[in-house]
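Everything below concerns the one structure shown next.
Numbering (our numbering), first residue to last: 217 to 445.
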């Protein structure tokens with residue numbers, strides 16, 4: 217197994233059970249795209265006459281079209297605006313980097329046992345993964361695949377179905393409040409990634425700053441145990 221050297225004989229499990237599959241949010245969870253996203257959305261917000269500082273925290277972790285619809289701005293076509301923002305985000309990937317050791321962690325997993333579940337559209341997701349040097353998984357759930365975005369649990373339920381496992385046997389990696397609520401509503405266990413948080417996080421879930429001190433131990437049955445390394 218790739219990454220097996222990270223494990224030691226005294227590695228301790230983080231959870232009381234192993235998992236059939238791991239489901240990862242993308243932005244803020246396996247890569248940091250805050251600088252690029254806030255450049256594009258900040259410019260858009262200024263053009264709309266919004267309070268940029270107040271607006272930017274509201275656009276993380278949810279689909280762009282849902283962010284725009286929620287504002288209910290007069291004379292604005294949410295689909296057209298979201299498409300324009302997506303094109304700008306695809307063009308601007310400067311400063312996008314992986315969360316520490318995310319690539320090594322993902323590459324250590326069985327390809328059929330993990331998926332990315334993101335609010336980003338598919339083309340943007342692939343562009344950011346490439347920019348961050350992260351693997352593109354066999355299974356992805358993106359903005360186009362769901363009728364309702366996070367915090368609705370549809371995306372994580374779909375991710376589990378695509379992998380052929382029960383959501384209750386999945387571990388969701390998330391960073392944003394909307395995504396955490398989606399994972400909770402779906403019925404999954406959660407790991408909250410805190411590296412991009414500007415303030416301390418209060419959560420009942422397990423937390424990691426990055427992937428440098430955990431590893432995946434895959435059993436003979438294919439189940440994945442998360443251990444401290």
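Backbone N, C-alpha and C fix where the C-beta goes; we use that ideal spot for every residue, glycine too.
Model, not experiment: these values are computed from the prediction.
Is it right to say residue i is buried, meaning 16 or more other beta carbons lie within 10 angstroms of its own, or is it exposed?
i           : result
residue 204 : The first residue shown for the chain is 217 and the last is 445, placing residue 204 beyond what the model contains.
residue 341 : buried
residue 352 : exposed
residue 233 : exposed
residue 222 : Residue placement at residue 222 cannot be trusted, given a pLDDT of 47 that sits under 50; what the coordinates show is reported in the next sentence. So residue 222 counts as buried.
residue 219 : For residue 219, the pLDDT reaches just 43, beneath the cut-off of 50, and the residue's location in the model is therefore unreliable, although a value from the coordinates is still provided. Buried, because 16 or more other Cβ atoms sit within 10 Å of the Cβ of residue 219.
residue 293 : exposed
residue 435 : exposed
residue 329 : buried
residue 409 : buried
residue 446 : There is simply no residue 446 to check, as the chain begins at 217 and stops at 445 in what is shown.
Under 8 Å by Cβ, that's how I've got residue i and residue j pegged, so tell me the actual separation to the nearest angstrom.
i           : j           : result
residue 411 : residue 422 : About 14 Å; that fails the 8 Å criterion.
residue 333 : residue 240 : 7 Å
residue 366 : residue 336 : Not confirmed; about 11 Å, so no contact.
residue 348 : residue 313 : 6 Å
residue 258 : residue 268 : 5 Å
Note down the Cα distance separating residue i from residue j, rounded to an integer number of angstroms.
i           : j           : result
residue 404 : residue 331 : 14 Å
residue 299 : residue 344 : 16 Å
residue 399 : residue 437 : 25 Å
residue 383 : residue 396 : 14 Å
residue 370 : residue 272 : 25 Å
residue 260 : residue 286 : 15 Å
residue 284 : residue 290 : 11 Å
residue 238 : residue 318 : 13 Å
residue 270 : residue 442 : 37 Å
residue 282 : residue 419 : 25 Å
residue 414 : residue 244 : 12 Å
Would the beta-carbon of residue i fall within 8 Å of that of residue j?
i           : j           : result
residue 315 : residue 248 : yes
residue 390 : residue 406 : yes
residue 246 : residue 350 : yes
residue 392 : residue 276 : yes
residue 468 : residue 230 : A question about residue 468 goes unanswered here, because the residues of the chain that appear run from 217 up to 445.
residue 361 : residue 374 : yes
residue 311 : residue 253 : no
residue 304 : residue 256 : yes
residue 236 : residue 417 : no
Check whether the Cβ of residue i lies closer than 7 Å to any heavy atom of the ligand GDP, and answer yes or no.
i           : result
residue 425 : Absence of the ligand GDP is noted for the structure shown, with no ligands found whatsoever.
Could you pull out every unbroken beta strand (DSSP E) segment of at least 3 residues lying fully inside the segment 294–352, listed in chain order?
-> Counting only unbroken stretches of 3 or more residues, the beta strand (DSSP E) elements lying wholly within the segment 294–352 are 330–333, in sequence order.
Length-filtered (3 minimum) beta strand (DSSP E) runs lying within the segment 367–419 = The qualifying runs are 386–390 and 405–409.
May I have a chain-ordered list of the beta strand (DSSP E) segments no shorter than 3 residues that lie completely inside the segment 231–267?
-> Within the segment 231–267, the complete beta strand (DSSP E) runs of at least 3 residues are 237–240.
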